[in-house]
Every structure is written in structure tokens, then in C-alpha cells.
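So for the sequence shown, the working numbering puts the first residue at -11; every next one is plus one. Glycine included, every Cβ here is placed at the ideal spot set by N, Cα and C. Here the structure is a predicted model, which is why all the values come from computation and not from measurement. A quick write-up on the structure given underneath.
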Amino acid sequence: MCGVMKLKILNENSFEDVRVLVIGDIMLDEYIYGDVVKISPEAPIPVIKVNKRTCSLGGAANVAVNLRELGCQVSLSGIIGKGRDSRTIKRLCRNHNINIEGVIAGKGRYLTTTKTRIMCQLKQIARYDIEDVGKLSDNFLNQFENHTMLGIKKTVPDYDIVIISDYNKGVLTDDLCFHLIHHCIEKDIPVLVDPKGDDWDKYKKATWITPNEKEFKNSYPGAFFDEILDSTHRMLKIPNILLTQSRKGMTYYLEGYYAGFNEKKHYFPAKTKEVSDVTGAGDTVIATLAAALGAGFNNITAVRLSNIAASIVVGKSGTQPVKIRELINKHDAFKTNK
-11 MCGVMKLKIL NENSFEDVRV LVIGDIMLDE YIYGDVVKIS PEAPIPVIKV NKRTCSLGGA
49 ANVAVNLREL GCQVSLSGII GKGRDSRTIK RLCRNHNINI EGVIAGKGRY LTTTKTRIMC
109 QLKQIARYDI EDVGKLSDNF LNQFENHTML GIKKTVPDYD IVIISDYNKG VLTDDLCFHL
169 IHHCIEKDIP VLVDPKGDDW DKYKKATWIT PNEKEFKNSY PGAFFDEILD STHRMLKIPN
229 ILLTQSRKGM TYYLEGYYAG FNEKKHYFPA KTKEVSDVTG AGDTVIATLA AALGAGFNNI
289 TAVRLSNIAA SIVVGKSGTQ PVKIRELINK HDAFKTNK
């Protein structure tokens, strides 16, 4: 149960019994690696000689991969398109032993969101996106919600944690979030949300929310920061806010902070000065947080582990998960250096 200390030592088996459901926007991340060989005679742009192409799971699927690399048992639910990219997503999920019974192809949506990044000397010089985020038909969304909730009602008692990974691609409707969160509340299953967009009412009564600082402030333009925190805690009834702050680290705000209880605010400075790529860092944070909470680590320890995982992933190029051994090694190194 979240917040109850069961484990005192982080080891390779810490998360192997943790069962997590991830629901959200599934994407594919493609990387094209090459070298600049000349300037194009057609326009003042570089010509890239491609050396390698790779594909990795993105969005909610990247959250699932991070959980698997930490050792968790993972199920993924969401909508994909049709064609090559959707087949690639299914293949990669199977390779990572991710349960995809809840993943279905959307009627009227033929393109899976694919983000292609052009990389030269490990630096991203361009990105292009292929996606279809047109509104799915009400009939199909109702079918997806019914399909999802039917599966969740049967299986939620088998999960320790549920993650909502929202990239604002139209899958996580207000109704679906409402029914999912309320059903989990009834079963005493914590719900963690990585939010997107300006309207967070659909996340009401979730257990945790993990916005980045920019998105958090943009969701309530013109408001004072403490008032935003109070609104999230009091009006949305979300007791735990983990604010990720890029190179500054992250801050954990417990319910009651606005009332002047400074001990309910915990700041975790960034654990690295070398930032190679921030792609997927938020996915790693919420995955590590969920794994730790599901395994019985207390809230502060879970956030600390998430901060360490973030420091690892930003040092990698591209969308890459944090492996359990990497987390253990860095965690032990910080303890040794204290």
C-alpha cells in the first residue's frame, strides 16, 4: 500500500511483484542518426548522410517500458492507428513483455503518433511529427471507454498502481478519467497522473499528479503559485503534487502546504549537471514513483528515487528507460558520498 514502508533496501528484486496499469496516449519515437556532409545546393540547409535508424516506444508506452526495466509487471491500454508504426509498437511491447490486451486500433484514426528526430553527433537538429489527432467519433470513444472500463473492473484489484499518461491526443476523455479514477478509489488503488492541457478537472481525486513547472503555471495563468497549489490540493482533491523542474530538480508538495506547513514542502535538487537529452524524463519520473510506491517505499523515498532516475535518463541520448541496476548503482553512490 502506498506510503507504508515494506522495503528498506533497494535491490534488483524490489519491484518484481509490483503490478501497474498504464493508460494513455501511445506513441512511437523514431531516431535518424547521421552526419552533416555538405550544405544543400537547393537551400541553405545541411545534407545529412544517414547512418542508422532506431525506434523506441514513446508516450504512455515509454512509461510502460521504464516500469518493465525496473522489474514491474505492466499492462498498457490506449489507442493506436494502423499500418507499419502500429505494428512496430506492438512488436516492441511484446519484446518488453508488456501486456497489450487493452491496446486497440482506432476507427477513423489511421496514423499512430510518431515523432522522428534527426540526430547529428548525438545532438537533435530537427524533429518532424506524423500524427492524426482529429477527434475520434463519439461512438468509438464510447466503445473504447466501455472496453477499457470492462477490463479495468475485472482486473483493477490485481494492480497495485494505475498511471494516467496524458499527452493530449484525445484518448483520455473527461468521462474515461472520471470513471477510471473513481473506480480505483473504490478499490483503494492509487492513481498517478502525468497531466497535459489546461483543464485538470478530469483528474479530480487522483492520488498524485506530476506536472512540470511550466505546464503547471500555464494551466492557471495569472494566478499566484501558492494559490495554484491550493486549488490543486483543495478543489481537485489531489493530495500529492510532484513538480518537476528540469535542471533545478523537483519539489514535492503535500496537502496543507498552502496553509503554512512548510514541512509539507520537500525540495530535491537535481542530481546531475550533465544534461544530454530531456526526452522522456517525465515518463521516467512517474514510472519510478509508481514502482517505488507500489513496492511499499514511503512517499519521500519514492520521490527521492524518482529524482535519481531523472538524473540518469537526462544523461542519455534519445528515448531510453532507466534500468534497475542503473538506479541501484546511482542510489548507492549518493549514499556513499554523503
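Of the choices the options, whose alpha-carbon is the least far from that of residue i?
i    : options                : result
G12  : I216, V179, N200, S219 : V179
R313 : V302, A297, G303       : A297
K259 : I300, T198, D17        : I300
T307 : L9, K318, N(-1), D17   : D17
I172 : K193, E203, W188       : The identity of residue 172 in the sequence shown is Cys, whereas the question assumes Ile. Checking every option, the nearest Cα to that of C172 belongs to K193.
D320 : G303, C60, R292, K304  : R292
L129 : Y116, G139, Q112, T161 : T161
K157 : G270, K184, H84        : K184
D143 : L168, C43, V159        : Looking at the sequence shown, residue 143 is not Asp but Thr. For the residues L168, C43, V159, the minimum Cα distance to T143 belongs to L168.
Q61  : F204, K318, G282       : G282
Y155 : G270, D5, G284, N287   : G270
Quick check: what's the CA-CA separation for residue i versus residue j?
i    : j    : result
Y19  : E174 : 42 Å
L242 : I36  : 49 Å
S74  : K225 : 37 Å
T289 : V181 : 19 Å
D120 : R79  : 21 Å
M238 : H254 : 9 Å
L164 : T136 : 9 Å
V150 : L9   : 5 Å
G268 : D214 : 28 Å
N127 : C108 : 44 Å
K236 : W188 : 24 Å
Y223 : E30  : In the sequence as displayed, the identity of residue 223 is Met instead of Tyr. Looking at the two C-alpha atoms, the distance is approximately 56 Å.
T220 : P34  : 46 Å
V91  : H84  : 15 Å
Q112 : K304 : 13 Å
Y240 : N134 : 35 Å
Pick helix, strand or coil for residue i, following the three-state DSSP scheme.
i      : result
M(-11) : Its pLDDT being 44, under 50, M(-11) is placed unreliably in this model, and the value from its coordinates should be taken loosely. Three-state DSSP puts M(-11) in coil, outside helix and strand.
K111   : strand
K193   : coil
L99    : coil
H254   : strand
K26    : strand
D182   : strand
I274   : helix
A269   : helix
C165   : helix
D154   : coil
C172   : helix
Q233   : coil
K37    : strand
S63    : strand
D5     : coil
E119   : coil
E203   : helix
R313   : helix
E0     : coil
N295   : helix
A31    : coil
E243   : coil
K(-6)  : Residue confidence is low: K(-6) scores 44 on pLDDT, short of 50, so the model does not pin down where it sits. Its coordinate-derived value is still stated next. K(-6): coil per DSSP, three-state reduction.
I226   : coil
V10    : strand
G46    : strand
D148   : coil
V302   : coil
V91    : strand
D17    : strand
I86    : coil
Would you kindly check if the distance between the Cβ of residue j and the Cβ of residue i is under 8 Å?
i    : j     : result
F3   : L58   : yes
I88  : R56   : no
L64  : C81   : yes
P227 : T195  : yes
D148 : R7    : yes
G66  : I14   : yes
I316 : L(-2) : yes
Y23  : N1    : In the sequence as presented, Tyr is not what sits at residue 23; that position holds Asp. No; because the gap between Cβ atoms is not below 8 Å, this pair is not in contact.
A93  : I106  : no
N54  : T232  : no
S153 : A278  : no
F256 : N295  : yes
I197 : V51   : no
K141 : F166  : no
Y116 : T101  : no
T276 : V310  : yes
Is residue i near the ligand GTP - that is, is its Cβ less than 7 Å away from at least one heavy atom of it?
i    : result
L231 : Ligands are entirely absent from the displayed structure, and the ligand GTP is therefore not among its contents.
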